[in-house]
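In the working numbering, the protein residues as written are 1229 to 1409.
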């Protein structure tokens, strides 16, 4: 019961923050996305978070596990995949400086629904701002060269294995890979 209440509180806080942003007139800028559409309880499929095709599984150095809440990619990942894109339509919820070990640069958090959020760590200055709406595949920044990159997915405020929420396009770069344990 306690875990259920903690999850409900996290969902309520996320929705409260989103509604507060709506009240300040921040959301819905950019692509014209109606910000109220992100308040539903759907779990949309996430596409790729890089703009170029190709396999990114060989760059993985840390998969999702009980001790690691994101996928971690090695430094050369940023050299090969320079542009970061929105993995699904949503609204930029947060940006800031990365505070993860071995990752420098910025992060961008995107709310895709009232339950689903993605975060991409290791960017140079993002090309999007808090409150901007984004569409799948839209550039959100470039990766900071020489730094590791991390991708995280949260459902109801809890980090989950990204693979479970990726579309066929998002899984295209994942060949012979076990990114979640």
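Note that CB positions come from ideal geometry on N, CA and C, so glycine has one too.
In the DSSP assignment, what residue or residues form a beta bridge with residue 1408?
Indexing the chain shown from 1 puts residue 1408 at position 180. 1292, per the DSSP bridge assignment.
Please work out which residues of its chain come closer than 8 Å, Cβ to Cβ, to residue 1323, disregarding the five sequence neighbours upstream and downstream, and give them in chain order.
As a first step, residue 1323 must be located in the chain shown, where it is residue number 95. Counting only Cβ-Cβ distances below 8 Å, and skipping sequence neighbours, we find 1334, 1335, 1336, 1337, 1354, 1356, 1357 and 1358.
Less than 7 Å between the beta carbons of residue 1364 and residue 1316, yes or no?
Residue mapping note: residue 1364 aligns to position 136 of the chain shown, counting from 1. Residue mapping note: residue 1316 aligns to position 88 of the chain shown, counting from 1. Cβ atoms of residue 1364 and residue 1316: closer than 7 Å.
Less than 7 Å between the C-beta atoms of residue 1274 and residue 1372, yes or no?
Taking the chain shown and counting its residues from 1, one reaches residue 1274 at position 46. Taking the chain shown and counting its residues from 1, one reaches residue 1372 at position 144. In this structure, residue 1372 does not lie closer than 7 Å to residue 1274 by Cβ.
Is residue 1288 near the ligand FMN, judged by its Cβ being under 6 Å from some heavy atom?
In terms of ligand content, the structure shown is empty, and the ligand FMN therefore cannot be addressed.
In angstroms, rounded to a whole number, what distance separates the CA positions of residue 1286 and residue 1382?
As a first step, residue 1286 must be located in the chain shown, where it is residue number 58. As a first step, residue 1382 must be located in the chain shown, where it is residue number 154. Straight-line Cα distance between these residues: approximately 24 Å.
Which term fits residue 1360, buried or exposed, when burial requires 16 or more other beta carbons within 10 angstroms of its beta carbon?
Counting from 1 along the chain shown, the entry for residue 1360 is found at position 132. Counting Cβ neighbours within 10 Å, residue 1360 comes out buried, since at least 16 surround it.
Can you tell me which of the three DSSP states residue 1347 falls into?
For the purposes of this step, residue 1347 is identified with residue 119 of the chain shown, where counting begins at 1. Looking at residue 1347 - three-state DSSP - the assignment turns out to be strand.
Answer with buried or exposed for residue 1314, where buried requires no fewer than 16 other C-beta atoms within 10 angstroms of its C-beta.
On the chain shown, residue 1314 is found 86 positions in, with the first residue counted as 1. Per the 10 Å Cβ criterion, buried.
Can you name, in chain order, every residue of its own chain whose Cβ lies under 6 Å from the Cβ of residue 1340, other than the five neighbours on each side?
Here residue 1340 refers to the residue found at position 112 of the chain shown. Contacts found: 1272, 1316 and 1318.
What are the start and end residues of the alpha helix (DSSP H) that includes residue 1398?
Residue numbering aside, residue 1398 sits at position 170 when the chain shown is read from its first letter. Per DSSP, residue 1398 belongs to the alpha helix (DSSP H) from 1396-1399.
Strictly by DSSP, which residues pair up with residue 1369?
Within the chain shown, numbered from 1, the residue matching residue 1369 stands at position 141. DSSP, once it has assigned bridges, lists 1312 as partnering residue 1369.
Smallest Cα separation from residue 1309: which of 1277, 1397 and 1329?
Sequence index remark: in the chain shown, residue 1309 carries index 81 (1-based). If we check each option's Cα against that of residue 1309, 1277 comes out closest.
From residue 1270 to residue 1347, what does the alpha carbon distance come to, in whole angstroms?
Along the chain shown, read from residue 1 onward, the residue named residue 1270 stands at position 42. Along the chain shown, read from residue 1 onward, the residue named residue 1347 stands at position 119. Those two C-alpha atoms are separated by around 18 Å.
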